[in-house]
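Colleague:
Numbering (my numbering), first residue to last: 18 to 304.
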C-alpha cells in the first residue's frame with residue numbers, strides 16, 4: 018500500500034549528550050543488562066544500539082539487533098520517574114506510510130501525534146514508536162520481537178500493554194494481533210484494514226476498537242465494517258452476549274462532519290484527529 022498525507026508537527030530535534038553515570042541513556046532509568054557507554058549491549062543473544070538524538074522526550078533511532086528478525090529501529094520515550102523498581106504501562110504505536118524508516122529517522126513522530134497524546138492518559142507509561150520497513154509479515158514479526166524484548170528487559174505491568182496502528186501501521190498491527198494478541202491489553206486500529214487472523218483474537222479476548230472515516234479516501238470504511246462483523250460473529254458463535262461483545266469490540270465510523278468541523282477535508286489523513294479524541298484514546302487507556 019502507499020499513503021501520502023499532511024505532516025503534523027515540527028521536525029526539529031536536538032542532539033542528546035549522555036550523562037556520565039546514572040541511567041544508561043540519561044533518562045534516569047536503568048535497563049537490565051545495560052551499560053552506560055552507548056555501545057551495543059548483549060540481551061539474550063540480541064543487542065541494542067542506543068540513539069543519540071532526542072525529539073520531544075523521545076530518544077531517536079534505537080536499534081534492536083535481533084538474531085531472528087534483523088535490525089529493528091524504534092524511537093523510545095521513558096518517563097523520568099521510571100527507575101525499574103515499579104511496573105510501568107507499555108504502549109506500542111505503528112505509523113502510516115510517512116513514518117516508515119526509509120522516510121527518515123523520527124518521521125513517525127513528526128507526522129503523527131498518538132505517542133504524544135498518549136502521555137496525557139497514562140503518566141507511568143513507556144512508549145515505543147517503531148519505524149519499520151513495510152506493512153507486511155516481516156514488520157509484524159519485528160514488532161512482536163520488540164514487544165517481547167521490552168517485556169523481558171523492562172519492568173512492565175503486563176495488564177497494561179497497549180497497541181495502536183494508523184493506516185499501514187494498522188495493517189501491520191492487525192497481523193501482530195493475528196499472531197500474538199495475548200501480548201496486549203487492548204488494540205486501537207485507525208484508518209486502516211485488517212490483514213491478520215481473527216480466531217486468535219477471539220480466543221485471547223483482546224479488545225479491539227476500529228475507527229475510520231466513512232469515506233476514507235484510501236481504504237473506505239467497508240474493510241473495518243467487515244472485520245468488525247467477522248469478529249462479532251465469531252464471538253456470537255462462542256456464546257457471548259451482545260453486552261459482552263460490546264466490551265471487546267467497537268466500530269466507530271466517522272462521518273464527514275466529524276472532519277469538516279475540525280477543519281479537515283481529507284478523511285484518511287484526518288485520521289490523525291483520532292489521537293486528540295478523548296473518547297477514542299480514553300477507550301484504549303482508561304482500563
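Beta carbons: idealized from backbone N, C-alpha and C, even for Gly. Here the structure is a predicted model, which means the values were calculated and not measured.
Compute the beta-carbon to beta-carbon distance between residue 292 and residue 188, rounded to the nearest angstrom, for a pair I have assumed lies under 8 Å.
Modeller: So it is not a contact: roughly 18 Å between Cβ atoms.
Colleague: Within the continuous alpha helix (DSSP H) that includes residue 259, where are the two ends?
Modeller: 259-263
Colleague: For residue 197, which residues in the same chain have their Cβ closer than 6 Å to its Cβ, ignoring the five residues on either side in sequence?
Modeller: So the list reads 161, once near-sequence residues are dropped.
Colleague: Alpha carbon to alpha carbon, how far is residue 127 from residue 226?
Modeller: When rounded, the distance between both Cα atoms is 24 Å.
Colleague: Should residue 251 and residue 199 be called a contact, given that it needs their Cβ atoms to be closer than 9 Å?
Modeller: no
Colleague: Can you name the residues that DSSP bridges to residue 206?
Modeller: 182, 227
Colleague: Sorted by chain position, which residues of the same chain lie with C-beta nearer than 6 Å to residue 180's C-beta, five sequence neighbours on each side aside?
Modeller: 109, 190, 201, 204
Colleague: Taking the alpha carbon of residue 304 as the point to measure from, which residue in 265, 277, 269, 286 has its own alpha carbon closest?
Modeller: 265
Colleague: Is the Cβ-Cβ distance between residue 236 and residue 285 less than 9 Å?
Modeller: yes
Colleague: If residue 84 sits next to residue 116, beta carbons under 8 Å apart, how far is it from one beta carbon to the other, in whole angstroms?
Modeller: Not a contact, Cβ separation roughly 26 Å.
Colleague: What's the call for residue 256, buried or exposed, on a 16-neighbour Cβ count within 10 Å?
Modeller: exposed
Colleague: Assuming residue 217 is part of the beta strand (DSSP E), what are its boundary residues?
Modeller: Premise fails: residue 217 lies in the alpha helix (DSSP H), 216-221, not in any beta strand (DSSP E).
Colleague: For the alpha helix (DSSP H) containing residue 140, name the first residue and the last one.
Modeller: Per DSSP, residue 140 belongs to no alpha helix (DSSP H) and is neither H nor E.
Colleague: Might you give, ordered along the chain, the residues of its own chain that have their beta carbon closer than 6 Å to the beta carbon of residue 218, omitting 5 neighbours on each side?
Modeller: The answer, listed in chain order, is 194, 198.
Colleague: Residue 125 and residue 159 look like a contact to me (Cβ under 8 Å); what is the Cβ gap, rounded to whole Å?
Modeller: Between residue 159 and residue 125 the Cβ distance is about 14 Å, and since that is not below 8 Å, they are no contact.
Colleague: Based on Cα-Cα distance, which residue from 152, 93, 287 lies nearest to residue 213?
Modeller: It is 152 whose Cα lies nearest to the Cα of residue 213.
Colleague: Closest to residue 228 by CA distance: which of 86, 270, 142 is it?
Modeller: 270
Colleague: Residue 176: which of 259, 123, 224, 261 sits nearest, CA to CA?
Modeller: Nearest C-alpha to residue 176 among 259, 123, 224, 261: 224.
Colleague: Opposite residue 94 in the DSSP bridges: which residues?
Modeller: 144
Colleague: Is DSSP giving residue 266 helix, strand or coil here?
Modeller: strand
Colleague: DSSP three-state label for residue 117, please.
Modeller: coil
Colleague: Cα-Cα, which of 143, 131, 163, 114 is closest to residue 88?
Modeller: Cα-wise, what sits closest to residue 88 is 163.
Colleague: Can you tell me which of the three DSSP states residue 237 falls into?
Modeller: Coil at residue 237, not helix or strand.
Colleague: Give the secondary structure of residue 150 by DSSP, where H, G and I count as helix, E and B as strand, and everything else as coil.
Modeller: coil
Colleague: Is residue 210 buried or exposed, if buried means 16 or more other CB atoms sit within 10 Å of its CB?
Modeller: buried
Colleague: Could you give the residue range of the beta strand (DSSP E) that holds residue 278?
Modeller: Neither: residue 278 is in no beta strand (DSSP E) and is coded neither H nor E.
Colleague: Determine the extent of the alpha helix (DSSP H) in which residue 79 is found, giving its start and end residues.
Modeller: Looking at the DSSP string, residue 79 is not in any alpha helix (DSSP H); the run it does join, the beta strand (DSSP E), is 75-83.
Colleague: Suppose you measure from the CA of residue 119 to the CA of residue 290; what does that come to, to the nearest Å?
Modeller: 25 Å
Colleague: Out of 238, 72, 75, which one is the CA nearest neighbour of residue 272?
Modeller: 238
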